[in-house]
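S.K.: Numbered according to the numbering used here, the sequence shown spans residues 5 to 157.
Glycine included, each C-beta is placed from N, C-alpha and C at the ideal position.
These numbers were taken from a predicted model, which means no experiment stands behind them.
Structure incoming, see below.
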Amino acid sequence: MTEEEKIAFMKEALKEAKSAYEAGEVPIGCVIVSGGRIIGRGHNRREELQDATEHAEMIAIREANRTLGSFRLENCALFVTLEPCPMCTGAIINARIPEVFYGAPDEKAGTCGTLMNLLGDERFNHRASIEKGCLRNECGKLLSDFFASLRIR
5 MTEEEKIAFM
15 KEALKEAKSA
25 YEAGEVPIGC
35 VIVSGGRIIG
45 RGHNRREELQ
55 DATEHAEMIA
65 IREANRTLGS
75 FRLENCALFV
85 TLEPCPMCTG
95 AIINARIPEV
105 FYGAPDEKAG
115 TCGTLMNLLG
125 DERFNHRASI
135 EKGCLRNECG
145 KLLSDFFASL
155 RIR
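Below, the structure written as structure tokens:
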């Protein structure tokens, strides 16, 4: 995948994050790509649905599963604006997604290299490559702006 393609897909994840922001959700967005096209999209919906599992990655994985008619996403890449948490990393492992690209690191819950690297742990049946920092500044700024607006309220 070229750098231009990576940036284009992360910009699509950012569009999802902005939808979350506008809905009052923590602005995290995700897209899943197969064969150069987006097959799953998601953004955080925890507040709206009052469901702790409604993370951007979980929603995008479910949509990609439906699109392909399989739980296996073996030829896919996941783009997400914030480093995945333990739950989402577990779903990535279970879906067998081989490539993960994320924008901003998550110092409090990131399990793709920050707190630990579950995707590289050889004890699991699946591992994935990780590329950190794609559009990091844009992804981080959206999160910073969101939390700053909460403090003002």
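On the three-state DSSP scale, how would you describe G33?
M.R.: As a first step, residue 33 must be located in the sequence shown, where it is residue number 29. The answer is strand: DSSP assigns G33 an E or B state.
S.K.: What residue does the alpha helix (DSSP H) around E135 start on, and which one ends it?
M.R.: Residue 135 sits at position 131 when you count from the first residue of the sequence shown. Here E135 belongs to no alpha helix (DSSP H); instead the beta strand (DSSP E) covers 133 to 136.
S.K.: Is the segment 32 to 50 touching the segment 61 to 78 in the sense that three or more CB pairs, one from each, lie closer than 8 Å?
M.R.: Touching, yes, given that three or more Cβ pairs across the two stretches are closer than 8 Å.
S.K.: Taking the alpha carbon of C80 as the reference point, which residue from A60, E103, G73, C143 has its own alpha carbon closest?
M.R.: Here the question's residue 80 lines up with position 76 in the sequence shown. Closest option to C80, Cα to Cα, is E103.
S.K.: Run the CB neighbour count on P31, radius 10 Å, all protein chains shown included, and call it buried at 16 or more, exposed below.
M.R.: The count along the sequence shown starts at 1 and reaches residue 31 at position 27. Counting Cβ neighbours within 10 Å, P31 comes out buried, since at least 16 surround it.
S.K.: Could you tell me which residues DSSP pairs with I42 in its beta bridges?
M.R.: Residue numbering aside, residue 42 sits at position 38 when the sequence shown is read from its first letter. BP columns for I42 point to V37.
S.K.: Rounding to the nearest angstrom, what Cα-Cα distance links H130 and L154 in this structure?
M.R.: Looking up residue 130 in the sequence shown gives position 126. Looking up residue 154 in the sequence shown gives position 150. Cα-Cα distance, rounded: 38 Å.
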